[in-house]
Amino acid sequence: MKREETEVLIVGLGPVGAALGVYLGRMGVSAIAIERDAEVYPLPRAAHLDHETMRLLHLAGGAEAVARASQPLSSYEFRNAAGELLLGFKPTGDLAPTGWPYSSMFHQPTLEHALRARLAEMSTVSTRLCHALKTYEVAGEGIVAQVESGDGVYEIAARFIVGCDGGNSTVRRKAGIALDDMGFDEPWLVVDTVLKNGVTRLSTIGFQHCDPARPVTSMPMAPGRHRFEIMLRPGEKPEDVVSDEAISAMIAPYADASALDIERRAVYRFHAVIAKTWRAGPVILAGDAAHQMPPFLGQGLCSGTRDAANLAFKIEAVLRGRTKDCLLDSYQAEREPHVRMITEMAVAMGRVVCTQDAEAARQRDEQMLAAPEASRMSPLLSLDGIRSGILESGGAIAPDPGFDGGRLDDAAGYAALLIVRAEDDASRAFAGAGGFVARLDALPDRAGHLAAAFGDRPAILIRPDRYVFGAGEAAALTGAWAAYLATGKVPVPAAAA
Ligand SMILES: Cc1cc2nc3c(=O)[nH]c(=O)nc-3n(C[C@H](O)[C@H](O)[C@H](O)COP(=O)(O)OP(=O)(O)OC[C@H]3O[C@@H](n4cnc5c(N)ncnc54)[C@H](O)[C@@H]3O)c2cc1C
Numbered sequence: 126m127k128r129e130e131t132e133v134l135i136v137g138l139g140p141v142g143a144a145l146g147v148y149l150g151r152m153g154v155s156a157i158a159i160e161r162d163a164e165v166y167p168l169p170r171a172a173h174l175d176h177e178t179m180r181l182l183h184l185a186g187g188a189e190a191v192a193r194a195s196q197p198l199s200s201y202e203f204r205n206a207a208g209e210l211l212l213g214f215k216p217t218g219d220l221a222p223t224g225w226p227y228s229s230m231f232h233q234p235t236l237e238h239a240l241r242a243r244l245a246e247m248s249t250v251s252t253r254l255c256h257a258l259k260t261y262e263v264a265g266e267g268i269v270a271q272v273e274s275g276d277g278v279y280e281i282a283a284r285f286i287v288g289c290d291g292g293n294s295t296v297r298r299k300a301g302i303a304l305d306d307m308g309f310d311e312p313w314l315v316v317d318t319v320l321k322n323g324v325t326r327l328s329t330i331g332f333q334h335c336d337p338a339r340p341v342t343s344m345p346m347a348p349g350r351h352r353f354e355i356m357l358r359p360g361e362k363p364e365d366v367v368s369d370e371a372i373s374a375m376i377a378p379y380a381d382a383s384a385l386d387i388e389r390r391a392v393y394r395f396h397a398v399i400a401k402t403w404r405a406g407p408v409i410l411a412g413d414a415a416h417q418m419p420p421f422l423g424q425g426l427c428s429g430t431r432d433a434a435n436l437a438f439k440i441e442a443v444l445r446g447r448t449k450d451c452l453l454d455s456y457q458a459e460r461e462p463h464v465r466m467i468t469e470m471a472v473a474m475g476r477v478v479c480t481q482d483a484e485a486a487r488q489r490d491e492q493m494l495a496a497p498e499a500s501r502m503s504p505l506l507s508l509d510g511i512r513s514g515i516l517e518s519g520g521a522i523a524p525d526p527g528f529d530g531g532r533l534d535d536a537a538g539y540a541a542l543l544i545v546r547a548e549d550d551a552s553r554a555f556a557g558a559g560g561f562v563a564r565l566d567a568l569p570d571r572a573g574h575l576a577a578a579f580g581d582r583p584a585i586l587i588r589p590d591r592y593v594f595g596a597g598e599a600a601a602l603t604g605a606w607a608a609y610l611a612t613g614k615v616p617v618p619a620a621a622a
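Residues 126 to 622, numbered by the working numbering, are exactly what the sequence shown covers, in order.
This is the structure in structure tokens:
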């Protein structure tokens with residue numbers, strides 16, 4: 126059988142596999158990215174991206190296309206059957222410190238086409254549509270995979286296989302990795318619509334109608350599109366709800382069905398699962414293959430993008446012999462608590478929305494409405510940073526202060542950044558080793574976000590995934606970063622050891 130060799134085999138070219146491929150390609154890693162289907166996934170999925178993810182997708186070549194065809198969310202409101210506010214979030218109209226809107230409402234295929242176009246420019250990555258992973262074996266330090274294409278089955282030998290192959294992941298199942306089920310499993314019909322007559326929006330408010338008689342989500346997407354999600358009632362089957370007539374009747378309280386075209390519809394079970402192991406030797410999982418969450422926070426794709434950004438620089442460091450596999454042990458250690466925290470929030474929100482028992486809904490309303498209305502509406506939904514893989518002074522998402530008329534991210538690319546008040550031997554050595562170094566006073570930082578992150582410290586080191594690694598003396602930061610890359614562990618300061 127024909128056999129090819131590569132450094133990384135990426136299985137699945139959804140948004141996570143495509144972003145990972147671009148990050149690896151930017152670092153010159155050789156990879157083969159295989160995708161079973163010819164086209165991007167045709168059914169309705171992500172509608173929301175947060176500002177952190179837009180930034181990571183910008184580094185992967187996907188954010189501009191989204192920005193051109195998206196709109197911000199003016200608020201996200203959970204209201205009961207009577208229309209009273211149970212819970213809400215209202216982002217400011219300003220850009221986030223990352224330089225992107227807090228929320229971008231979009232159309233997932235737009236992103237996937239843009240990422241694939243960027244991936245096609247990567248000279249070290251070979252992209253193969255209509256090539257499906259059949260199986261693989263671990264062989265020595267790597268794997269040998271069997272891949273089926275129109276020309277038959279062939280083998281790919283790789284140092285790493287990364288399963289970005291979605292919720293039903295072949296890579297995960299073949300590795301025998303079990304899922305931790307977080308106890309949420311609810312059936313919903315998801316309907317994407319296109320507004321007629323050039324209408325760009327029905328509403329800029331994301332609305333969860335927590336009506337026990339029929340929970341419904343109404344959500345703006347890209348201009349000209351609107352999403353409805355409709356919970357199935359107990360005993361209802363998919364075939365009872367998917368017809369045009371049934372959909373028109375169910376969305377009647379929210380929109381005139383004659384003013385829109387139903388573009389696509391699907392019945393999903395919204396569930397919450399996290400793989401128990403995200404890496405087994407050369408086998409790694411990312412995105413939906415590693416975790417799936419209900420969409421009430423709009424964070425599944427965002428989380429998968431964070432996985433790709435966390436992983437790519439570590440894979441490259443191992444492949445280039447700068448470190449051992451132990452650096453990859455930090456991948457799940459850093460990502461899983463973050464994903465778990467978000468999944469728990471999404472499940473908690475889902476439990477508010479998915480209440481179908483009238484008495485339980487009455488009690489929910491009584492409890493939630495007891496709090497003053499002002500405290501039920503938060504200014505914006507901000508996520509915690511990471512808790513390991515950072516120094517004590519790190520963990521938050523770094524601001525992008527701008528650079529040379531553009532974004533600092535454009536200049537730095539997908540790499541670690543050191544920003545200093547004044548250059549010194551440590552910063553020169555960091556630059557000499559290929560790191561990106563900028564002086565604080567050369568950066569516009571118009572809103573002062575970076576200055577605030579600095580405080581009175583002399584330097585900040587930012588990881589390739591844009592979390593602040595730490596703030597302090599440049600020599601201490603670069604030393605700790607080198608130690609982290611070598612071992613996957615952040616050295617404990619002498620005083621605390
Ligand atoms: C209704 C709904 C709403 C959502 N809303 C949001 C939202 O607002 N915001 C958000 O961030 N997320 C949202 N999500 C989640 C988001 O869509 C997913 O998290 C995201 O698509 C996962 O990307 P992925 O690349 O990991 O997997 P996928 O997009 O599933 O891609 C996996 C790819 O692998 C391919 N593949 C599978 N098996 C093989 C094989 N054996 N060989 C080769 N290729 C293979 C598949 O064909 C597919 O292209 C939503 C999901 C749903 C269902």
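Note that the Cβ used here is the ideal one computed from N, Cα and C, for glycine as well.
- Taking a cut-off of 8 Å for Cβ pairs, the region 201-221 and the region 329-343 touch, as three or more such pairs fall below it.
- Looking at the DSSP output, residue 263 sits in a beta bridge with 268.
- In this structure, the CA atom of residue 550 is about 35 Å from the CA atom of residue 133.
- Under the three-state reduction of DSSP, residue 507 is assigned to coil, being neither helix nor strand.
- Counted as a single uninterrupted DSSP element, the alpha helix (DSSP H) harbouring residue 429 occupies residues 425-444.
- A residue is called buried when at least 16 other Cβ atoms come within 10 angstroms of its Cβ; residue 278 does not meet this threshold and is exposed.
- Runs of alpha helix (DSSP H) with 4 or more residues, each lying fully within the region 210-294, are found at 233-245, listed in chain order.
- Note on the region 331-405: whole beta strand (DSSP E) runs with a minimum of 3 residues are 341-345, 350-356 and 385-400, in chain order.
- Rounded to the nearest angstrom, the gap between the Cα atoms of residue 587 and residue 300 is 34 Å.
- The beta carbon of residue 257 sits closer than 6 Å to the beta carbons of 161 and 273 from its chain, once the five residues preceding and following it are set aside; these are given in chain order.
- For residue 141, the CB falls within less than 7 Å of some heavy atom of ligand 1.
- Close CB contacts of residue 291 within its chain, under the 8 Å cut and outside five residues either way in sequence, are with 137, 139, 412, 413 and 414 (chain order).
- Burial check for residue 390: the Cβ neighbour count within 10 Å reaches 16 or more, so the residue is buried.
- No heavy atom of ligand 1 is found nearer than 7 Å to the CB of residue 522.
- Taking all protein chains in view, the Cβ of residue 474 is crowded by 16 or more other Cβ atoms within 10 Å, so the residue is classified as buried.
- Under the three-state reduction of DSSP, residue 481 is assigned to coil, being neither helix nor strand.
- With respect to the C-alpha of residue 309, the residue from 280, 419, 559 and 296 having the closest C-alpha is 419.
- Membership of residue 165 in any beta strand (DSSP E) is not indicated, and neither H nor E is assigned to it by DSSP.
- Residue 417 and residue 434 do not touch by the CB rule: their CB atoms are close to 19 Å apart, not below 8 Å.
- For residue 513, no alpha helix (DSSP H) run applies, since DSSP gives it neither H nor E.
- Between residue 170 and residue 271, the gap from beta carbon to beta carbon reaches 8 Å or more.
- A direct Cα-to-Cα measurement between residue 555 and residue 221 gives close to 29 Å.
- Here residue 480 is actually not in contact with residue 471; their C-beta atoms are around 16 Å apart, not less than 8 Å.
- The region 532-552 makes contact with the region 587-603: 3 or more CB pairs, one atom from each, lie closer than 8 Å.
- The DSSP-derived three-state label of residue 312 is strand.
- When only Cα atoms are considered, residue 430 and residue 572 end up about 27 Å apart.
- Around the CB of residue 439, 16 or more other CB atoms lie within 10 Å, so the residue is classed as buried.
- Excluding sequence positions up to five before and after residue 559, its CB lies within less than 8 Å of the CB of 540, all in the same chain and listed in chain order.
- Only buried fits residue 178, as 16 or more other CB atoms lie within 10 angstroms of its CB.
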